[in-house]
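J.: Can you read through this structure? Questions will come right after.
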Amino acid sequence: MIRRIPRVVRAGLVAGIVSVYLCLVGIVGSLVTDVVGRITVGRVVLSIPAILAGLVVARPRVVSGELRRSSVWAGVSSGAIVGLTTGALLAVFIGVVNLLGIETIRNVFIAVKPDLMSLLTFGHAGVVGSVLRIVAEVALGAVGGAIGATPDRIRVPTVIAATVVISLGLLRRIVHPALAQLGLRDDWLFSVVTLGLTWFGAVAVFVVAFVTTFAWRANSAAIVARTHRTPATERGVRLIVLAAIGGGLIALPFLVGSIFSQILGTVGIYVLLGLGLNIVVGYAGLLDLGYVAFFAVGAYTTAVLTGGSRVTTTGYAPPSFSLHLSFFVAIPIVVVVAALVGLLIGAPVLRLRGDYLAIVTLGFGEIARVLFSSDWLKGAFGGTQGMTAIPAAPIGNLNFRDTQHFYFLVLAFCLIALYISWRLADSRVGRAWNAMREDEQVAEAVGVSTVRYKLLAIGSIPGVIVGALVLIGIPGVFSEFEQYRLLLYGAVLMAIMILRPQGLIPNIRRSQELEEEDVAQDKWAEAVTSDEHAASAASPLGEGAG
Amino acid sequence: MNLLEVRGVSKHFGGLYALSGLDVEVEEGEILSIIGPNGAGKSTVFNVITGLYTPDDGNVVFRGESIVGLTPNQITRLGIARTFQTVHLFPNMTVLENAMVGQHCRSRTTIFGAVFLTPSMRREERSIREHAERALGFFGRRLAGYRQDQPAFSLSYANRRRLEMARALATEPTLLLLDEPTAGMNPRETLELRDHIVRMRDELGLTILLIEHDMRVVKGVSDRVVACDYGQKIAEGSYEEVANDEHVIEAYLGTKAAG
Amino acid sequence: MAEGTDLQAPPGPATARLGRLQRLPLRRLIQIVLAILIIGFVVLGTYKTLKLPPDERYDPSTWKAFVISGVAQGGIYALIALGYTLVYGVLRMINFAHGEVFMMGCFASFFFADAYANSGLLNRHPFYALAIIFAIAMLTSCLIAMLLERVAYRPLRNSPRLVPLITAIGASLFLQNTAFGFFGPQTQAYPVPDVLGGDRTWTIVGITMQRIQVVVIVTAILAVIGLTLFISRTRTGRSIRAVAEDREIASLMGIDVDRTIMITFALGGLLAGIAGVQFGLTFGQVSPYIGFTPGIAAFTASVLGGIGSIGGAALGGLLLGLLQAVGPPLLFTGFNIPAPFQLQDVITFSVLVLVLIFRPGGILGSGEAEKV
């Protein structure tokens, strides 16, 4: 026990610092939606560091090559110590705020409000509040420790069930209309007053989720053992899963109503951007931070070609150059324009090394942003006000201003993009990109024209199509051009998630494996050395040996 | 006819001349070794031939045409392949994929073909795989079987060297440049590799330009030897002629005895 | 495209020949065209601006003011650029979050400056108040830079290059949004002591300058001199140089590499803190978003001067400051472009791109791009 205390205290301190950070940055105090009963999102967030730290401390760990498992009581006690440390730090924070006064602190940290303090101290002033907070943190830490020390078959279902409950509590706005659409009553699940889960609902969901996960995990091993895994059954299972996902995706907009269809459509656009970026970053290893510049070029060109209007202080005005082409006539032109822009800015800089390329492309993105929103080009692109009133582009009965139709359009494009990136990964082109990402110069020396393949990756036709899509789906979006920067960040994040980790994060065990391999290989080679010469001599390269 | 001619090539880095007026001719079908003390500019010659460096002066002629100013990938396509002094693989790609990248310059599938699964693309993909497997098969069972689907980083050092050579073979070269292929190998592996180099000439009909420090290998495989020092040729001829040349002995001082 | 030979043919590309067109160095061609276009634009723009009718023309004193403010701006850039250059020199990594380190320093000092302004200390004892303000900013930036190194970058020390860069972008976002959550989104007025305020000027060797500009330029010069001495004369400076040359060898020589890298970040943070106060005093405002643009501009400055070189960062900062101050009116006014200073960033990024294309090593660098 004694040897473990420093580690435990360290975990508690980290959790405490994270808790104070969460309070100061405003997450705890400002997220006031109720999740379960009267417990707000902020409270849930605040409880996470202590639980997590307790869980981490109590989890089985490897000490000098040996797996050490703590008993549940050891887990609870070490979790409690973690909680105590966390609570002590929070108590210090509360003390400092009380000492200096909320108003003084608020001059600097705007999130420190009476609401936050009463949340932290359970509404009790002075020492009592601090003590209550410490007790609460100790309890949270102990719970975390208990979860951490229980065996996998209990711990995993517990964590999953808790996650399900919290997610459900947060997703009322989506789940409630969906249930209503299906004609199901949900007043036992969601409180009509707080809009969060009722306690009864929360417990019920937790139990159901726990039992389901537990049973699933217990059985799946048995099922796997029982069934003969032929390729045919495997393909069958995969088909069923795919069909279920596909059916879900198609049914989704009808379940959740039109507002959330729009959100889903937007999410789809992020996915699409992410997929495109994944080809550029993940396959080719080019961190193209100017990706959204193509998005902007595509969208603005479409706006100009199809007859959008500038927003001015006195109303709408046509831009200095304008055509009234149909959207579908405009699209090929837009693609050509964007490809040209890509070629123009790509060709000179693609010889640069990865990190420089990233900064330069960021530069291009910023240049595009500055130019499009400048007063200079206001006559053409509307300056910071942007452009609006871009004509809709219906295909038959599908009107993409309708959020549900739009969702399907985005879904279709997502599937296409998925298919493309899946196909590319395992082709000559994908291999060339992969090789380039691994070692550019060697790829070049082995015969891959790196400049050409970089251009291919960066030419970003998907980005252009997406730009145009947003324009058709969400009119007037340009007045908020600023927000695309956030879009970029979301996309970058997506791409990293999709990225195959072995590509970006080096294998720590690599050197170790290598040594083992060396030994094994030598033994193996010794065994076959005698017949190897004979075998290889008999099979020259020209005759297909191996 | 000379397959490759390096004519009066100079290359300097800042004030340091790595090559000053070097002449080397490689005849079709021979194994030519370049020897010389460290820093004699041997690897720089390779970098100039394969287009990684542009020479400051002089010319490189392959099959009667100058290849100066071409990019490395264009030079590879013309039929010059190489390995590196320190092994450069694509560590996270599998052994087979590494060799398949070698076939890149001999194939032509575009994004279009890859996405729409055209018959010609399937055919080509099969052929790429066959070529790659054949190149790996040159090293017998060393790179065969389950190894082909393992990432390249999991290979032993000697196997990495072999894979690098297999990848070079997969580009279907006429001229192969090997930069110290036996460095870091144990005596048995070195002997095995010596046989492989000879077989590349005899069975695959390759012309080989070899940089090597291990004099047993140089002696065993070379049709001719060129000795360099300070970026210039100081001797040329059979192994015995070069090894007994007084300039060469002087350049190596006592170190020749070791080989 | 004549790519490769018939696949069924025996090994050996006997028929492979490159066409004439493929020998044409397309990249060079685009570069040359680009260079001609830009030079043409610069020359024409300058000519047109200088030939404007007298009533539309800037008078000489305005030009002089542009130049002086450019120098002052350049001083700020130089100090931030030094942070990029130091870290790049040691880790070969672009610390993208450095602009946010600068912003945090500026913010922290703002609260003290604000309190001193309210209590009157700022005007009663401007020297002492400023000394404390500078110290606070330096301390904060220094701490944040060190924290960043420890938490975000150290675990990635041996990863491929792009990984720490992506992390740095993430860190930049994180810090920016942290400031947003801590201090609020609004732009706040950075108090300036009366002695330095308004249009009060000093005349030095016949040049009349705003006092703030004098303070900025002088502190920047002092900081650059101090850093140079530190790097060249002290034991720690020597170990920084050793680690920059070869990390492994340095560690074999008994240098604590982790500590040295930490100190490098700390130095960069200190300088960013100074720049933070200078920025606050010069522009009189602070917000969570002030880090991005100066950060990128300073990175450009360090690349322009030759990344990894201290003199280069200083020179690059100065040049970029001048370009930003003088460039827009000189190049764009003649073309009748409204609000030329809106296009300042276009100049910054164009400089960055052009330097990387034509002289990747920067002005004081080797001029040759890095090779394996």
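Residue numbers (our numbering), protein chains in the order written: chain A, 1 to 546; chain B, 547 to 805; chain C, 806 to 1177.
Think of the CB as a built atom: it goes at the ideal place given N, C-alpha and C, for glycine as much as any other residue.
May I ask you to verify whether the stretch 191-202 of chain A touches the stretch 28-40 of chain A, counting CB pairs closer than 8 angstroms and requiring at least 3?
T.: yes
J.: Roughly how many whole angstroms lie between the Cα atoms of residue 1060 (chain C) and residue 1116 (chain C)?
T.: For the purposes of this step, residue 1060 (chain C) is identified with residue 255 of the third sequence, where counting begins at 1. For the purposes of this step, residue 1116 (chain C) is identified with residue 311 of the third sequence, where counting begins at 1. Looking at the two C-alpha atoms, the distance is approximately 25 angstroms.
J.: Tell me which residues share the same chain as residue 1049 (chain C) and place their Cβ nearer than 6 angstroms to its Cβ, disregarding the 5 neighbours each side in the sequence.
T.: Residue numbering aside, residue 1049 (chain C) sits at position 244 when the third sequence is read from its first letter. 894, 895.
J.: With respect to the alpha helix (DSSP H) encompassing residue 656 (chain B), which residues constitute its N-terminal and C-terminal limits?
T.: Counted from its first residue, the second sequence places residue 656 (chain B) at position 110. Residue 656 (chain B) -> no alpha helix (DSSP H), and no H or E assigned at all.
J.: Report the residue ranges of all alpha helix (DSSP H) runs contained in full by the stretch 577-602 of chain B; include only those spanning at least 4 residues, in chain order.
T.: 588-595
J.: Which word fits residue 376 (chain A), buried or exposed, when buried means at least 16 other C-beta atoms lie within 10 angstroms of its C-beta?
T.: For the purposes of this step, residue 376 (chain A) is identified with residue 376 of the first sequence, where counting begins at 1. Residue 376 (chain A) should be labelled buried.
J.: Take the Cβ of residue 816 (chain B) as the centre, count every other Cβ of all protein chains shown within 10 Å, and call the residue buried at 16 or more, exposed below.
T.: This structure cannot speak to residue 816 (chain B), because chain B is shown only from 547 to 805.
J.: With a threshold of 7 angstroms between beta-carbons, can residue 294 (chain A) be considered close to chain C, or not?
T.: Your numbering for residue 294 (chain A) matches position 294 in the first sequence. False, the Cβ-Cβ gap to chain C never drops below 7 angstroms.
J.: When you compare each of A:365, A:329, A:327 to residue 342 (chain A) by their alpha carbons, which one comes out closest?
T.: By 1-based counting over the first sequence, the position of residue 342 (chain A) is 342. Closest by alpha carbon: A:365.
J.: Within its chain, find whatever has a CB closer than 6 angstroms to the CB of residue 882 (chain C); leave out the 5 residues flanking it on each side and keep chain order.
T.: Translated into the one-based positions of the third sequence, residue 882 (chain C) becomes position 77. Contacts found: 1102, 1103, 1106, 1122, 1125, 1126.
J.: Report yes if the C-beta distance between residue 782 (chain B) and residue 794 (chain B) is below 7 angstroms; otherwise report no.
T.: Walking along the second sequence from the start, residue 782 (chain B) turns up at place 236. Walking along the second sequence from the start, residue 794 (chain B) turns up at place 248. Contact flag unset, no.
J.: Counting only Cβ pairs nearer than 9 angstroms, list the residues of chain A close to residue 1158 (chain C).
T.: Locating residue 1158 (chain C) in the third sequence gives position 353, where the first residue counts as 1. Under the 9 angstroms cutoff, chain A gives 345, 348, 349, 360, 363, 364, 367.
J.: Between the stretch 417-446 of chain A and chain B, which residues of the former have CB atoms less than 8 angstroms from a CB of the latter, in chain order?
T.: 419, 420, 423, 424, 427, 428, 429, 430, 431, 432, 434, 435, 438, 439, 441, 442, 443, 444, 445, 446
J.: Please state whether DSSP places residue 981 (chain C) in a helix, a strand or coil.
T.: Counting from one through the third sequence, the residue named residue 981 (chain C) turns up at place 176. The answer is helix: DSSP assigns residue 981 (chain C) an H, G or I state.
J.: Assuming residue 49 (chain A) and residue 18 (chain A) form a contact by the criterion Cβ under 8 angstroms, report the distance between their Cβ atoms to the nearest whole angstrom.
T.: Your numbering for residue 49 (chain A) matches position 49 in the first sequence. Your numbering for residue 18 (chain A) matches position 18 in the first sequence. Yes, residue 49 (chain A) and residue 18 (chain A) are in contact; Cβ-Cβ is about 4 angstroms, under 8 angstroms.
J.: Using DSSP bridges, identify the partner residues of residue 1104 (chain C).
T.: Stepping through the third sequence from its first residue, residue 1104 (chain C) is reached at position 299. In DSSP, residue 1104 (chain C) forms no bridge with anything.
J.: Cα-Cα, which of C:953, C:841, C:1012 is closest to residue 777 (chain C)?
T.: This structure gives no information on residue 777 (chain C), because the portion of chain C shown stretches from 806 to 1177.
J.: Mind listing, in chain order, the continuous alpha helix (DSSP H) runs of no fewer than 4 residues lying wholly within the stretch 295-377 of chain A?
T.: Assignment of alpha helix (DSSP H) within the stretch 295-377 of chain A, counting only whole runs of 4 or more residues, yields 327-349, 354-372 in chain order.
J.: Opposite residue 626 (chain B) in the DSSP bridges: which residues?
T.: Walking along the second sequence from the start, residue 626 (chain B) turns up at place 80. In the DSSP output, where bridge partners are listed per residue, residue 626 (chain B) has B:721.
J.: I want to see whether chain C comes within less than 7 angstroms of residue 110 (chain A), judged by CB atoms only; does it?
T.: The count along the first sequence starts at 1 and reaches residue 110 (chain A) at position 110. Residue 110 (chain A) counts as touching chain C.
J.: Counting only beta-carbon separations shorter than 7 angstroms, does residue 156 (chain A) have a partner in chain B?
T.: Locating residue 156 (chain A) in the first sequence gives position 156, where the first residue counts as 1. Taking Cβ atoms only, chain B never reaches closer than 7 angstroms to residue 156 (chain A), which makes this a no.
J.: If I follow the unbroken beta strand (DSSP E) through residue 550 (chain B), where does it start and stop?
T.: Numbered from 1 along the second sequence, position 4 holds the residue referred to as residue 550 (chain B). Note, residue 550 (chain B): beta strand (DSSP E), 548-559.
J.: Output yes if chain C places a C-beta closer than 7 angstroms to the C-beta of residue 14 (chain A); else output no.
T.: Locating residue 14 (chain A) in the first sequence gives position 14, counting from the first residue. No - not a single Cβ of chain C is within 7 angstroms of the one on residue 14 (chain A).
J.: Touching or not, the stretch 752-761 of chain B and the stretch 722-740 of chain B, by the rule of three or more beta carbon pairs under 8 angstroms?
T.: yes
J.: Counting only the same chain and skipping the five closest in sequence on each side, list residues whose C-beta sits under 8 angstroms from that of residue 599 (chain B).
T.: Taking the second sequence and counting its residues from 1, one reaches residue 599 (chain B) at position 53. Closer than 8 angstroms at the Cβ level, and outside the excluded window around residue 599 (chain B), lie 557, 590, 593.
J.: Taking only the alpha-carbon atoms, compute the straight-line gap between residue 405 (chain A) and residue 305 (chain A) and give it to the nearest angstrom.
T.: Working through the first sequence from its first residue, we reach residue 405 (chain A) at position 405. Working through the first sequence from its first residue, we reach residue 305 (chain A) at position 305. Those two C-alpha atoms are separated by around 24 angstroms.
J.: Return the chain-ordered list of same chain residues with a C-beta closer than 6 angstroms to the C-beta of residue 9 (chain A), the five sequence neighbours on each side being excluded.
T.: Taking the first residue of the first sequence as 1, we reach residue 9 (chain A) at position 9. 85.
J.: According to the neighbour-count rule (16 or more other Cβ atoms, all chains shown, within 10 Å of its Cβ), is residue 413 (chain A) buried or exposed?
T.: Taking the first sequence and counting its residues from 1, the one referred to as residue 413 (chain A) is at position 413. Looking at its Cβ environment, which holds 16 or more other Cβ atoms inside 10 Å, residue 413 (chain A) is buried.
J.: Pick from C:1081, C:949, C:1151, C:855: whose alpha carbon is nearest that of residue 1141 (chain C)?
T.: Counting from 1 along the third sequence, the entry for residue 1141 (chain C) is found at position 336. In this structure, C:855 is the residue among C:1081, C:949, C:1151, C:855 with its C-alpha nearest to the C-alpha of residue 1141 (chain C).
J.: Specify the secondary structure class of residue 794 (chain B) as computed by DSSP and reduced to three states.
T.: The sequence position of residue 794 (chain B) within the second sequence is 248, counting from 1. Helix.
J.: Using a beta-carbon distance below 7 angstroms, is residue 1122 (chain C) in contact with chain A?
T.: Indexing the third sequence from 1 puts residue 1122 (chain C) at position 317. No, residue 1122 (chain C) lies away from the interface with chain A (no Cβ there is under 7 angstroms from its Cβ).
J.: Between the C-alpha atoms of residue 753 (chain C) and residue 1011 (chain C), what's the straight-line distance to the nearest angstrom?
T.: The displayed coordinates of chain C run from 806 to 1177. Any statement about residue 753 (chain C) would go beyond what the structure contains.
J.: Between which residues of its own chain and residue 671 (chain B) is the CB-CB distance below 8 angstroms, once the five residues before and five after are set aside?
T.: As a first step, residue 671 (chain B) must be located in the second sequence, where it is residue number 125. 655, listed in sequence order.
J.: What did DSSP end up calling residue 605 (chain B) once you bin it into helix, strand or coil?
T.: Numbered from its first residue, the second sequence carries residue 605 (chain B) at position 59. Reduced to three states, the DSSP call for residue 605 (chain B) is strand.
J.: Determine, for residue 448 (chain A), whether the minimum Cβ-Cβ distance to residues of chain B falls below 7 angstroms.
T.: Taking the first sequence and counting its residues from 1, the one referred to as residue 448 (chain A) is at position 448. So, interface residue.
J.: Taking 7 angstroms as the cut-off, decide whether the C-beta atoms of residue 44 (chain A) and residue 28 (chain A) are in contact.
T.: Residue mapping note: residue 44 (chain A) aligns to position 44 of the first sequence, counting from 1. Residue mapping note: residue 28 (chain A) aligns to position 28 of the first sequence, counting from 1. Result no, Cβ atoms of residue 44 (chain A) and residue 28 (chain A) do not sit closer than 7 angstroms.
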